[in-house]
Every structure is written in structure tokens, then in C-alpha cells.
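Under our numbering, residues 34 to 208 are what the sequence shown spells out, in order. Idealized CB from N, CA, C, for every residue including glycine. Written below as C-alpha cells is the structure these notes are about.
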Amino acid sequence: NLNKFKEAEPLCKRALDIREKCLDISHPDVAKQLMNVALICENQAKYNEAESYYKRAIAIYTKTFGHDDVNVAKTKNNLASSYFKQQKYLEAEQLYKDVLTCVHEKDFQSLFSPTSRRHNETQIVITTLKNLSLLYRRQGLYDAAEIIESCASRARQDSQAIIQALNMVQQVNHL
Numbered sequence: 034n035l036n037k038f039k040e041a042e043p044l045c046k047r048a049l050d051i052r053e054k055c056l057d058i059s060h061p062d063v064a065k066q067l068m069n070v071a072l073i074c075e076n077q078a079k080y081n082e083a084e085s086y087y088k089r090a091i092a093i094y095t096k097t098f099g100h101d102d103v104n105v106a107k108t109k110n111n112l113a114s115s116y117f118k119q120q121k122y123l124e125a126e127q128l129y130k131d132v133l134t135c136v137h138e139k140d141f142q143s144l145f146s147p148t149s150r151r152h153n154e155t156q157i158v159i160t161t162l163k164n165l166s167l168l169y170r171r172q173g174l175y176d177a178a179e180i181i182e183s184c185a186s187r188a189r190q191d192s193q194a195i196i197q198a199l200n201m202v203q204q205v206n207h208l
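Pasting the structure below:
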């Protein structure tokens, strides 16, 4: 309901102001609130404003945790989805691939450890693969979409399939 988002927006922005005043402006809690505001703006089709909030959150998370942190991946995935809604397919595709490349470059042995943080990274990969397949389908790239969908499906069943999925994404780039 659009009215709920309109009601929530000033409250979330107020919460952001409070966090920025009480915490350092580069604190992860500020980034989390930036994400909340971005999502509210995006759901009201205020895409430029949402993009600004997403980019600020990405900068904070990257500075605080590094470029390969799960929070950076989630935020990039959200920004890419916003681009997708605006039919900015090249920008969306690049961000989805950035997320997948970042995970691909990590040590995969640690990716599959039983900690919840690693589980979250696995979920980000699956979500990003699904989003990328939707993007390819929307562009009429049905073969690429089917390959990525298949990878996402296998990754849900077997975390080792994520390595194969990420390798397939690299190969799809050459179709």
C-alpha cells in the first residue's frame, strides 16, 4: 500500500537523522537505516533518491567491513533490483555480476562453513542468480536465463553447486 510507504518515509528519515547525530555518520547502523529509507523510496518509485541512499550505504559498509562483506552484497543487490525496475538493465547486470564476482573471489572453503554469516552469503548468491536470470529473461536472453535459473536451483539444493553456478555466470558472459 503506497500510503503506508508515504507514512513510513518521514519516520524512517527521522530515525536516520537521529542515528547520524548519535553515531558516527559512517557507523553500520547508519548504513542499515539508509537501506530502510532507500527501500521505502524505491517502493514509491523515488528511484533517484533511493539510489543515493543505497550508494551511501554501500560506501559505509565497504569502508567498515570491506568490499566482500555480505552487507555490501545485499545493498548492491537491492540497488541492482532498483535499476531493473527502471529498465536500466546494463547497470543492474553489472551490479549483479559484481556481487557474484566478489563471492567467487572469496575462499570457497569458508563460504560453506556452517556459520550463519556464510549461510547469508549463500542466500545472497542464490538471490542474485535468480535476479540475474529475471534480468536476462526480460531482455529476451532466454538461453542465458535458463542456465542461470538452473544454477540457482542446484545451489539451493547443494551449496557446492554455487561454485559451478558462479563459473557458469562467467561463461554466460561469452554467449
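In this structure, N76 lies away from F117, with their beta-carbon atoms at least 8 angstroms apart. Rounded to the nearest angstrom, the gap between the Cα atoms of T161 and R171 is 15 angstroms. Your pair Y80 and Q119 checks out as a contact, with CB atoms roughly 5 angstroms apart and the cut at 8 angstroms.
Looking only at S183, C74 and H100, the smallest Cα-Cα distance to Y86 is reached by C74. The Cβ neighbour count for Q190, taken over all protein chains shown within 10 Å, is under 16; the residue is labelled exposed. Judged by DSSP in its simplified three-state form, I58 adopts coil rather than helix or strand. Assignment of alpha helix (DSSP H) within the segment 69 to 132, counting only whole runs of 4 or more residues, yields 80 to 98 and 103 to 118 in chain order. One alpha carbon belongs to K46, the other to L128, and they sit about 26 angstroms apart.
Straight-line measurement puts the Cα of K54 at about 44 angstroms from the Cα of C184. The residues A83, Y86 and Y87, in chain order, have a CB closer than 6 angstroms to that of A71 in the same chain once the five nearest residues on each side in sequence are set aside. DSSP places L174 outside both helix and strand once states are collapsed to three, so it counts as coil.
A distance below 7 angstroms between beta-carbons, with the five flanking residues on each side excluded, links D131 to the following residues of its chain, in chain order: K109.
Less than 8 angstroms separates the beta-carbon of A64 from that of A90.
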